[in-house]
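So the sequence shown is numbered by this note's numbering: it starts at 22 and just counts up by one.
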Amino acid sequence: MQQLIEGIHRFQNEVFGGYQELFQHLSTEGQNPHTLFITCSDSRVLAELITHSKPGDLFVVKNVGNIVPPAGVEGATNSTAAAVEYAVTALNVEDIVVCGHSQCGAMRALLGPREEMDSMPHLAEWLEIAAPVREVIARHYGHLPGEEERVNAAAQENCLHALEGLQSYPAVRERLAAGTLRLHAWFYKIATGQLYAYRPEARQYEPLDGRTAHAALEPR
22 MQQLIEGIHR FQNEVFGGYQ ELFQHLSTEG QNPHTLFITC SDSRVLAELI
72 THSKPGDLFV VKNVGNIVPP AGVEGATNST AAAVEYAVTA LNVEDIVVCG
122 HSQCGAMRAL LGPREEMDSM PHLAEWLEIA APVREVIARH YGHLPGEEER
172 VNAAAQENCL HALEGLQSYP AVRERLAAGT LRLHAWFYKI ATGQLYAYRP
222 EARQYEPLDG RTAHAALEPR
């Protein structure tokens with residue numbers, strides 16, 4: 022807690038002044054983010070840091086495993102759904118990025134023994150939304166030599182599964198059909214800071230550059 026308090030003081034005394042005009046503008050004009058950025062709750066993954074974005078640029082959703090529940094999922098898991106609807110309908114974001122990452126504990130748990138999550142029933146229920154990812158890994162990635170490779174493959178497949186989930190939302194489908202919204206799957210490698218984007222034409226993740234950054238999933 023002391024670290025947080027000291028950080029707040031440094032922000033107020035040393036950082037805020039450089040952003041004061043921007044924050045005043047955001048306070049009076051409201052937010053107008055260009056992208057809904059859905060990523061993992063992992064403390065090593067900071068959307069604004071890795072994209073070098075300013076306040077007001079991104080509407081960020083962080084949850085365990087950057088999972089997107091289908092539109093029909095109800096109950097406690099629907100906070101992400103609420104954010105998707107708000108970003109697409111009220112904020113009119115132009116892009117949705119689902120960004121997974123290496124060494125993802127959620128994907129490790131998804132692929133691991135179920136009994137290991139007996140003491141975390143809410144987590145177990147949440148991860149079951151991504152159960153199809155587990156099946157894809159078992160069916161197509163058995164050749165991978167180690168656990169870490171399978172976890173990273175699951176993180177990448179999970180982003181694609183999330184894009185499928187996004188297309189179950191009527192508001193998302195409407196914007197996709199109108200050509201006013203684009204969906205992207207990204208993968209962040211923690212150790213190197215590299216970002217990879219899924220390129221549908223190649224059916225694989227490639228280093229993010231001017232070409233792959235604009236690659237988007239075609240609407241179903």
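Every residue, glycine too, gets a C-beta built ideally from N, C-alpha and C.
I'd like to know whether the C-beta atoms of residue i and residue j end up nearer to each other than 9 Å.
i           : j           : result
residue 66  : residue 122 : yes
residue 72  : residue 89  : no
residue 154 : residue 128 : yes
residue 87  : residue 49  : no
residue 85  : residue 187 : no
residue 174 : residue 162 : yes
residue 47  : residue 28  : no
residue 91  : residue 26  : no
Could you tell me which of the options sits nearest to residue i, measuring between CA atoms?
i           : options               : result
residue 55  : 125, 114 and 175      : 114
residue 57  : 50, 117, 42 and 25    : 117
residue 83  : 64, 174, 93 and 92    : 64
residue 178 : 208, 40 and 215       : 208
residue 68  : 135, 211, 219 and 230 : 211
residue 199 : 25, 109, 33 and 52    : 109
residue 224 : 191, 181, 168 and 165 : 181
Hey, would you say the C-beta of residue i is under 8 Å away from at least one heavy atom of the ligand MG?
i          : result
residue 86 : Among the components of this structure there are no ligands whatsoever, and the ligand MG is therefore not found.
Beta strand (DSSP E) containing residue i: first to last residue?
i           : result
residue 228 : 225-228
residue 84  : 79-84
In the structure shown, what three-state DSSP assignment does residue i receive?
i           : result
residue 66  : coil
residue 218 : strand
residue 103 : helix
residue 56  : strand
Tell me, please, which residues DSSP counts as bridged to residue i.
i           : result
residue 121 : 208
residue 203 : 116
For the alpha helix (DSSP H) holding residue i, just list the boundary residues, first then last.
i           : result
residue 48  : 37-50
residue 179 : 168-187
residue 154 : 152-161
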